[in-house]
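Before any comments, here is the structure.
Number of protein chains: 4
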Amino acid sequence: SNNFFLIAGPCVVESEDLVMEVAETVSGICKKLEIPYVFKASYRKANRTSASSFTGLGDEVGLGLIKKVGDKYQLPTTSDVHAHDECAEAAKYIDILQIPAFLCRQTDLLLAAADTGKIVNVKKGQFLSGPSMKFAVEKIRQAGNDKIMLTERGTTFGYQDLVVDYRNIPWMKEHGTPVIMDCTHSLQQPNQTSGVTGGNPQLIGTVAKAAIATGANGLFIETHPNPAMAKSDGANMLRLDLLEPLLYQLVELRMTIAKLESMS
Amino acid sequence: SNNFFLIAGPCVVESEDLVMEVAETVSGICKKLEIPYVFKASYRKANRTSASSFTGLGDEVGLGLIKKVGDKYQLPTTSDVHAHDECAEAAKYIDILQIPAFLCRQTDLLLAAADTGKIVNVKKGQFLSGPSMKFAVEKIRQAGNDKIMLTERGTTFGYQDLVVDYRNIPWMKEHGTPVIMDCTHSLQQPNQTSGVTGGNPQLIGTVAKAAIATGANGLFIETHPNPAMAKSDGANMLRLDLLEPLLYQLVELRMTIAKLESMS
Amino acid sequence: SNNFFLIAGPCVVESEDLVMEVAETVSGICKKLEIPYVFKASYRKANRTSASSFTGLGDEVGLGLIKKVGDKYQLPTTSDVHAHDECAEAAKYIDILQIPAFLCRQTDLLLAAADTGKIVNVKKGQFLSGPSMKFAVEKIRQAGNDKIMLTERGTTFGYQDLVVDYRNIPWMKEHGTPVIMDCTHSLQQPNQTSGVTGGNPQLIGTVAKAAIATGANGLFIETHPNPAMAKSDGANMLRLDLLEPLLYQLVELRMTIAKLESMS
Amino acid sequence: SNNFFLIAGPCVVESEDLVMEVAETVSGICKKLEIPYVFKASYRKANRTSASSFTGLGDEVGLGLIKKVGDKYQLPTTSDVHAHDECAEAAKYIDILQIPAFLCRQTDLLLAAADTGKIVNVKKGQFLSGPSMKFAVEKIRQAGNDKIMLTERGTTFGYQDLVVDYRNIPWMKEHGTPVIMDCTHSLQQPNQTSGVTGGNPQLIGTVAKAAIATGANGLFIETHPNPAMAKSDGANMLRLDLLEPLLYQLVELRMTIAKLESMS
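Chains as they are written, first to last, in my numbering: chain A, 1 to 264; chain B, 1 to 264; chain C, 1 to 264; chain D, 1 to 264.
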């Protein structure tokens, strides 16, 4: 396909109702717009700012619900893994293991993820450059797994802001992997004194358009029917009913980019 | 017009031959692609890293040659002004006064530029946010001049790099002014020990595409028939023969964006 | 002397009463503590964020009052200069011409300041590294003036914060000049949406102690009897009655550093 | 004691000879200078840039040698832990569990470290502010362990540099914990294309003096008899024979600071 692919879902598995509602809506939109769709939800949040934040329904329940979504809607699925000893278990339920940005240098985790034989999607650390992600790619390749994706999610820019450096899209594509723009977390406002990460969801379209224009292969967008009520990352998620009009525009843009690429 | 406009030319007025060659070539391309074109060259470089760098042919000669270009090719023109007492003189020759990024907070300079009645294009300081450019805009408006443009040219990101924050495009458009992306200087690598600013000209297309996708009204691109021989900013300028294929792509992208904007 | 020197005074010449009060108090403290003292006040604020901010009493009045302070209390004096055509006039009144950080790359200004034969104190731009300040030093030296000082005042760190990089103290001393820490402006919080720069005056002692410990030759501290009522930079100035206990500590620290330096 | 404490040793347990040599030398110096000394060496390097880098002799061997050092020289010891399931085992051998900066947000790891009852030393992430380290502290305290230390090791400043923000020392002391300056890793030059992190060991004294002057309770310094031959972090370690003259100076500085603190 000439189109980009979409990784989307709620930040965390809050309930069966929620994941089913989101998956049904998003898979419907993506069928219409011919966007390959990967369902995403975290079964556990392992690095919340504050210990009192919601971290999930339990790993087995969370993973089970993600698999149920995948089976019901015939979708590939993805979720974060956080320690080497989680990978084999998670791989029984999901198709793409996502390495959180803070953990992208943990060799044991990368190798355990590689060993599952599943696709490994490594998020670029907020402290790393796109070119230096080649070392994460090499660790996974040397473990015999060449199914690798890389995700841009913003870089530390002072304490309370992130900046997206779009040079990282062509730079990371040079590693020979698909590159994804995480349009949700790259708009985080970290280090808030409240312990709740802030955000700028009205800029999701800006981030996504720039990513498609500069050659991103996939987009990552967290979405929720009611972000204000979400149990994690509510400040950044896109309201579910805003997703279709945004994706429509992005597909148009992608078609233009694909035409230009085919000519050059 | 639905198209973006282009500010382009060699970094500095090196010779009459050079400015004429560039203007003729670029105006020909822009006519074909229906891009409104503003000729740019600096008549003086006032903030070169090193005192031994080339700074121009003399203000009167430089300004005179810019005017000659404008007259011959029927083009509006622009150049940098550096001190309040230069503005009135420069305004006799050029149509748009450009305020250098380092100087965007100098009230006297902004007011003197405003007083000429010409268009004033203020480059965002490497140390400023897009929202805070509202104060520069207000200074000029309060002086009775509402013909203002703002230019993004990258933000300090460690000592030896700049990063382009595309959030600044929608943020600066909220000030009610056209917003331009400077695709040349935003790729500078400052603070090199050699005293010669480095660059990444192979990324000009990446910067320009992201800017068009996020709604920039204009692009600024320095171009030279032989950047390696240029007397300033050679590390960043686009080779003149690469300009047309790039602009062709950007116009296609802009047409898609314009269509999407007209629908929403 | 083994001691550091102090550049201090109110941010701007607000009134004769104010400058005399501050000069009398600070010169008394410095005599007691054997600190060489340079009186500082700006005669004009040329780069206020907002055009409606106070900019001074007029250049002639402001400069005249600074000179009156210097004469009355037998103190060397300093103030900012902002454009090449101000330098000769300012040099009639003051002993050290200070180049504002935003302007440290403006060759014409550096050369005009150099030509006065006075000491030139160049503040490191928020966008420059300490090593790259060698080019400012070279411009002034090549104009025949070797009386140069450099001042650290923080570096852009995201939009709304500055960070002081103490590596710049040894790095700038390698240029063969005294190095000053500006303890006031390095604590600014720029780019506030209000147009009023914020601050952290409770950290002045932290900044000053680190500077003395790493070898700074001088300190720059703005002080005011009532910062909350000050017409500029109130958020950062040290309350005048807090100056003596701070300087006492810094002198003790400096004596230890001087002893260690003499041994190695 | 009024003195600071020192955490020091080679980056990684390379061999029994190496750890014994370093411990003997450093403990001798510290006895003479009355500096409380904690022996540090990593038993495993879990986040090397490149998979081909040396990662240790095996956990059991490494931990066993660290314990042997502690027993022989009567020293408390410390080492990094990298995953929740390592903590209980490591706690059998060492006295202080150090949480690597990249992992300071991993709740499972913090809780497992807390549960050992040992002292937990959390390094501030390169992407975190000092104030936001309160959430790491709270996670450990809520687990019933109040023996917490925090370590500053620099903050992301562009891709290839770190900057030490000394405001973090007073800011982190407000969390009610001792604060340590890591003089070694804060001088790293990350994201080098070679995959080998660079450094600036000649600035170790600058970093350490500023830390003592601003109130740090402890210093962390990696040292090696021959850094050029070290198997990890050679670019930043202090040559062992340079340690004593540096510590001598730092103790003098600390005595002055302690005197000033006792007076205010």
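No residue lacks a Cβ here, since even glycine has one placed at the ideal position from N, Cα and C.
Query: If distances are taken between C-alpha atoms only, which option among S42(D), G64(D) and N200(D) comes closest to T78(D)?; Result: S42(D)
Query: Can you tell me the Cβ-Cβ gap for K67(B) and Y93(B), rounded? I've got them flagged as a contact below 8 Å.; Result: 4 Å
Query: Determine the direct distance from the alpha carbon of M133(C) to that of T193(B), and round the result to whole angstroms.; Result: 10 Å
Query: Between which two residues does the beta strand (DSSP E) holding F39(A) run?; Result: Y37 to K40
Query: Measure the C-alpha to C-alpha separation of G70(A) and C87(A) and round it to an integer number of angstroms.; Result: 18 Å
Query: For K124(A) versus T151(A), is the C-beta distance shorter than 8 Å?; Result: yes
Query: Do C183(B) and L128(B) have their C-beta atoms within less than 8 Å of each other?; Result: no
Query: Classify K32(B) as buried or exposed, calling it buried when 16 or more other Cβ atoms lie within 10 Å of its own Cβ.; Result: exposed
Query: Where do the ends of the alpha helix (DSSP H) carrying M229(C) lie?; Result: No alpha helix (DSSP H) contains M229(C), which DSSP labels as neither H nor E.
Query: Let me make sure I understand the geometry here. Which of A258(D), N47(D), E138(D) and V164(D) has the alpha-carbon closest to that of S52(A)?; Result: E138(D)
Query: Cβ atoms of Y166(D) and A112(D): under 8 Å apart, would you say?; Result: no
Query: Are any of the Cβ atoms in chain C nearer than 8 Å to that of Y37(A)?; Result: no
Query: So L240(D) packs on V22(D), CB below 8 Å; how close in whole Å?; Result: 7 Å
Query: Can you tell me whether D146(A) is buried or exposed? The criterion is at least 16 other CB atoms within 10 Å of its CB, across all chains shown.; Result: exposed
Query: Applying a beta-carbon distance threshold of less than 7 Å, which residues of chain B neighbour D161(D)?; Result: G158 and Y159
Query: Assuming Q126(A) contacts T155(A) under a Cβ cut-off of 8 Å, what Cβ separation, rounded to an integer in Å, is found between them?; Result: 6 Å
Query: What did DSSP end up calling R239(D) once you bin it into helix, strand or coil?; Result: strand
Query: Quick check: L253(A) and A213(B), are their CB atoms within less than 8 Å of each other?; Result: yes
Query: For R105(B), which residues in the same chain have their Cβ closer than 7 Å to its Cβ, ignoring the five residues on either side in sequence?; Result: G125
Query: Report yes if the CB atom of I96(B) is closer than 8 Å to the CB atom of K118(B), and no otherwise.; Result: yes
Query: For K72(D), report the span of its alpha helix (DSSP H) as first-last.; Result: D59 to Y73
Query: Using a Cβ cut-off of 7 Å, pull out every chain A residue sitting near D165(B), in sequence order please.; Result: V163
Query: What residue from L260(A), M255(A) and Y248(A) has the CA that sits closest to I29(A)'s CA?; Result: Y248(A)
Query: Between which two residues does the beta strand (DSSP E) carrying G56(A) extend?; Result: Careful: G56(A) lies outside any beta strand (DSSP E) and carries neither H nor E.
Query: Quick one, are the C-beta atoms of A90(C) and L109(C) less than 8 Å apart?; Result: no
Query: Nearest-angstrom Cα distance between H82(C) and F135(C)?; Result: 19 Å
Query: Could you give the residue range of the alpha helix (DSSP H) that holds D108(B)?; Result: T107 to D115
Query: Please name the residues in the segment 184 to 210 of chain B whose beta-carbon is closer than 9 Å to at least one beta-carbon of chain C, in chain order.; Result: P190, N191, Q192, T193 and G195
Query: Between the C-alpha atoms of P100(B) and V122(B), what's the straight-line distance to the nearest angstrom?; Result: 7 Å
Query: Under DSSP, the beta strand (DSSP E) around V122(D) begins and ends at which residues?; Result: I119 to K123
Query: Taking C-beta pairs closer than 8 Å, name the residues in chain B that F54(C) reaches, listed in chain order.; Result: Within chain B, no residue comes near F54(C); the closest Cβ sits about 12 Å away, beyond 8 Å.
Query: For I180(D) and H224(C), I'd like the C-alpha separation in whole angstroms.; Result: 35 Å
Query: Determine the contact status of F39(B) and G9(B), defining contact as a CB-CB distance below 8 Å.; Result: yes
Query: Sorted by chain position, which residues of the same chain lie with C-beta nearer than 7 Å to A216(A)'s C-beta, five sequence neighbours on each side aside?; Result: F4, I169, V179, I180 and M181
Query: Using the three-state DSSP reduction, which class does T256(D) fall into: helix, strand or coil?; Result: helix
Query: Cβ of P178(D) less than 8 Å from any chain C Cβ?; Result: no
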